[in-house]
Amino acid sequence: MGDPRGGLRAPEAASPPSALGSIGPGRHAAPSAAAAPSAAAAPAPAPAGADGSVRLPGSQVPIGPGLRAADARDPQAQHGTGPATGWVRPPAGVTSGGLNGGDGTAAVPPPTHSPSAEPPEPPGGAGHGRWRPWRFRMSNDVWGTPAVAGDLLYVTSFEVHALDVGTGRRQFKTRDVAWAMAVANGRIHASDGPTLYALDAEDGAERWRLSTDGWVYSLKVDRGTVVTGTRGGGVQAWEAANGELLWEMQGLQTDFETPESGPAVHDGTVYVWADARLRALEARTGAERWSYPVGDAASCGGVPLRLLAAPDGVVYVSAGTRVLALDVARGDVRWRFEAPAVFLCAPAYAPGPAVTGGGIYIADYLGTVYALDAANGRDRWRIATEARQSIEPVLVADGSVHLGSGGALYTLDAVTGTPKWRFAAGGEVIGSPVVADGRVHFGSADHCLYTVDAAGGQLRWKLATGGEITGSPVAAGGVVYACSKDRCVYALDAVKGTGQSRPSGGRA
Numbered sequence: 036m037g038d039p040r041g042g043l044r045a046p047e048a049a050s051p052p053s054a055l056g057s058i059g060p061g062r063h064a065a066p067s068a069a070a071a072p073s074a075a076a077a078p079a080p081a082p083a084g085a086d087g088s089v090r091l092p093g094s095q096v097p098i099g100p101g102l103r104a105a106d107a108r109d110p111q112a113q114h115g116t117g118p119a120t121g122w123v124r125p126p127a128g129v130t131s132g133g134l135n136g137g138d139g140t141a142a143v144p145p146p147t148h149s150p151s152a153e154p155p156e157p158p159g160g161a162g163h164g165r166w167r168p169w170r171f172r173m174s175n176d177v178w179g180t181p182a183v184a185g186d187l188l189y190v191t192s193f194e195v196h197a198l199d200v201g202t203g204r205r206q207f208k209t210r211d212v213a214w215a216m217a218v219a220n221g222r223i224h225a226s227d228g229p230t231l232y233a234l235d236a237e238d239g240a241e242r243w244r245l246s247t248d249g250w251v252y253s254l255k256v257d258r259g260t261v262v263t264g265t266r267g268g269g270v271q272a273w274e275a276a277n278g279e280l281l282w283e284m285q286g287l288q289t290d291f292e293t294p295e296s297g298p299a300v301h302d303g304t305v306y307v308w309a310d311a312r313l314r315a316l317e318a319r320t321g322a323e324r325w326s327y328p329v330g331d332a333a334s335c336g337g338v339p340l341r342l343l344a345a346p347d348g349v350v351y352v353s354a355g356t357r358v359l360a361l362d363v364a365r366g367d368v369r370w371r372f373e374a375p376a377v378f379l380c381a382p383a384y385a386p387g388p389a390v391t392g393g394g395i396y397i398a399d400y401l402g403t404v405y406a407l408d409a410a411n412g413r414d415r416w417r418i419a420t421e422a423r424q425s426i427e428p429v430l431v432a433d434g435s436v437h438l439g440s441g442g443a444l445y446t447l448d449a450v451t452g453t454p455k456w457r458f459a460a461g462g463e464v465i466g467s468p469v470v471a472d473g474r475v476h477f478g479s480a481d482h483c484l485y486t487v488d489a490a491g492g493q494l495r496w497k498l499a500t501g502g503e504i505t506g507s508p509v510a511a512g513g514v515v516y517a518c519s520k521d522r523c524v525y526a527l528d529a530v531k532g533t534g535q536s537r538p539s540g541g542r543a
């Protein structure tokens, strides 16, 4: 089978843990016996050209440079130097002191605030004694963001691998390649391109399998419905329990066919971009609820639509240089906002009134961050950071706005836009940061995973791996999980990195 990601597949070897036209008729999938899960990751935007243009994966139109906000303020930088973790067994070619050298045991400065509660303890394992950070090395490249469900961590390395969160031991892996994957309701739903299948999330036993009429590039699950996007403008909805085809349509945009730009599904509604309109479809029947003219790819600045269905009953859409607020039930426009440069990411929503940091937050590709009033779209504040190619939304948490722009992580006050701190990494920030228990975890192209204090930006620890961090880190239960291009998956103590901090009954 050809690999659309490029590259050749290496032979599998045992890897011990080191730790959206017409609605068509339904069809059923034949349940089968034994197989296993799958997962995929989205390619990052292509590097900027000499003129500052950016070419998004799947786009035929490069995005040229635009205007910057004039009222920019320059945050103070924190430096990317500081404590580096020492690995229990350092990856090949990496010393225990990380990129900074040394013995990896530099003192950590005291936190500038006290967490409201003690962070969760790392998960327990089958053994006794202290939980240990672990590393699992794959025989093929690892990509995307890992997924945690229950006691298992799901990682894509051509196949999907299920690893025990406590020990890092592999419980099972899929026999098929997985270019798209979603874990929901005790099932792993995955596709190798022309085939769609479901597996038991606990043991990898196959539930059902079917052949699609196209190459699946996007796969999402919501309320028992699997929604797939196929190349050439197709969208299908399937019953998650047995693979029955519920409906299918053609006519979606074909300029952008990546996992993030495919059909979106939320709360029983599928959102698709077709015939220059955003269409909202009933997830179980495909019936159209409403549509709104957003324009084609050219009128959207040569970038795909991004949307967020927020809990306030509004769908917030970024369409080129516009942000639209549409009523989720009828599609009526509540407000629209126009910026000088295109948006590559979806809006982010924070609940509550603007005076407490509630509202819509979004960054354009030049790195200007906008805070909009969710009620009327008024521009509350804006501030320029560095140019960013990331398609990840900004992250709003605990009254702060966090985003990776270029080679730095910026944190702004959500109410005023005042810069709180800037942490300079040694390379471009990869994926989205994650905030948990007063700490911000993020990866970089400099091969490092960083953990900094959420309030002041001080470096708590960093781990030097043997390759770029892929996707975004995940924080759960006091553990930070991350994947690297060194073919390894890492599970680290959120507080101490590779340090062994609290007893919890597990071992690698």
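If you want our numbering, it's the position in the sequence shown, counting the first as 1, plus 35. Note that CB positions come from ideal geometry on N, CA and C, so glycine has one too.
For this session: May I have the straight-line CA-CA distance separating TRP169 from ALA526, to the nearest angstrom?
Result: 5 Å
Exercise. Which whole-angstrom value is the C-beta distance of SER435 and ALA489, which I expect to be below 8 Å?
Worked result: 7 Å
Exercise. My guess is that ARG371 and VAL363 are in contact by the Cβ rule of under 8 Å, so how many angstroms apart are they, rounded?
Worked result: In fact, because the Cβ distance is near 16 Å, the residues do not count as touching under 8 Å.
For this session: Mark ARG413 as exposed unless 16 or more other C-beta atoms lie within 10 angstroms of its C-beta, in which case mark it buried.
Result: exposed
Exercise. So ALA510 packs on ALA529, CB below 8 Å; how close in whole Å?
Worked result: 6 Å
Exercise. With VAL329 and LEU316 assumed to form a contact (beta carbons below 8 Å), what rounded beta-carbon distance in angstroms separates them?
Worked result: Between LEU316 and VAL329 the Cβ distance is about 15 Å, and since that is not below 8 Å, they are no contact.
Exercise. With DSSP run on the structure shown, which of helix, strand or coil describes PRO181?
Worked result: strand
Exercise. Do SER253 and GLY267 come within 9 Å of each other at the CB atom, strictly closer than that value?
Worked result: no
Exercise. Contact check, CYS380 vs SER425 under 8 Å by CB: the rounded distance?
Worked result: 7 Å
For this session: Counting only runs of 3+ residues fully inside the stretch 471 to 515, write out the beta strand (DSSP E) ranges in chain order.
Result: 474 to 479, 483 to 488, 494 to 499 and 504 to 511
For this session: Quick one: residues in its chain with C-beta nearer than 7 Å to the C-beta of ASP331, no 5 flanking neighbours on either side, listed in chain order?
Result: ALA311
Exercise. Cα separation between ARG242 and ILE223?
Worked result: 9 Å
For this session: Kindly indicate which three-state DSSP category GLU463 falls into: helix, strand or coil?
Result: coil
Exercise. Anyone know if the C-beta pair for SER479 and GLY461 falls short of 9 Å?
Worked result: yes
Problem set entry | Cα-Cα separation, ASP221 to VAL183 | Looking at the sequence shown, residue 221 is not Asp but Gly. Taking the straight line from one Cα to the other gives about 12 Å.
Exercise. Using CA coordinates, which residue listed in VAL350, GLY394 and GLY228 is at the minimum distance from GLU194?
Worked result: GLY228
For this session: Using three-state DSSP, classify GLU292 as helix, strand or coil.
Result: coil
Exercise. Should GLU31 be labelled buried (16 or more other beta-carbon atoms within 10 Å of its own) or exposed?
Worked result: What is shown of the chain runs 36 to 543, which leaves residue 31 out entirely.
Problem set entry | Length of the line joining the Cα atoms of THR147 and GLY491 | Its pLDDT being 35, under 50, THR147 is placed unreliably in this model, and the value from its coordinates should be taken loosely. So the alpha carbons of these two residues sit roughly 6 Å apart.
For this session: Mark PRO60 as exposed unless 16 or more other C-beta atoms lie within 10 angstroms of its C-beta, in which case mark it buried.
Result: Residue placement at PRO60 is flagged as unreliable, the pLDDT there being 36, under the threshold of 50; the coordinate-derived value follows with that caveat. With fewer than 16 other Cβ atoms within 10 Å, it is exposed.
For this session: Report the three-state DSSP secondary structure of THR304 (helix, strand or coil).
Result: strand
Problem set entry | DSSP state of VAL429 mapped onto helix, strand, coil | coil
Problem set entry | Within 9 Å, strictly: CB atoms of PRO181 and GLY506 | yes
Exercise. Roughly how many angstroms lie between the CA atoms of GLY366 and TYR327, to the nearest whole one?
Worked result: 7 Å
Exercise. In whole angstroms, what separates the C-alpha of ARG457 from that of TYR445?
Worked result: 5 Å
Problem set entry | Rounded C-alpha distance that separates GLU323 from PRO388 | 33 Å
Exercise. Just how far apart, CA to CA, sit VAL524 and LEU494?
Worked result: 22 Å
Exercise. Excluding sequence positions up to five away, which residues of its chain have a Cβ less than 6 Å from the Cβ of TRP416?
Worked result: ALA406 and GLY452
Problem set entry | LEU342 versus ARG165 - alpha carbon distance | 43 Å
Exercise. On the three-state DSSP scale, how would you describe VAL391?
Worked result: Residue identity differs from the one stated: residue 391 is Thr in this sequence, not Val. Three-state result, THR391: helix.
Exercise. In whole angstroms, what is the alpha-carbon distance linking ALA318 and TRP250?
Worked result: 21 Å
Exercise. Can the beta-carbon of VAL352 be found less than 9 Å from the beta-carbon of ALA345?
Worked result: no
Exercise. Using the C-alpha atoms, what's the distance from GLN206 back to ALA449?
Worked result: 42 Å
Problem set entry | Ordered list of beta strand (DSSP E) runs contained in the stretch 219 to 279, each at least 3 residues | 222 to 226, 230 to 235, 241 to 246, 251 to 257, 260 to 265 and 269 to 274
Problem set entry | Backbone CA spacing between ARG167 and THR533 [nearest angstrom] | 8 Å
For this session: Assign PRO454 to one of three DSSP states: helix, strand, or coil.
Result: strand
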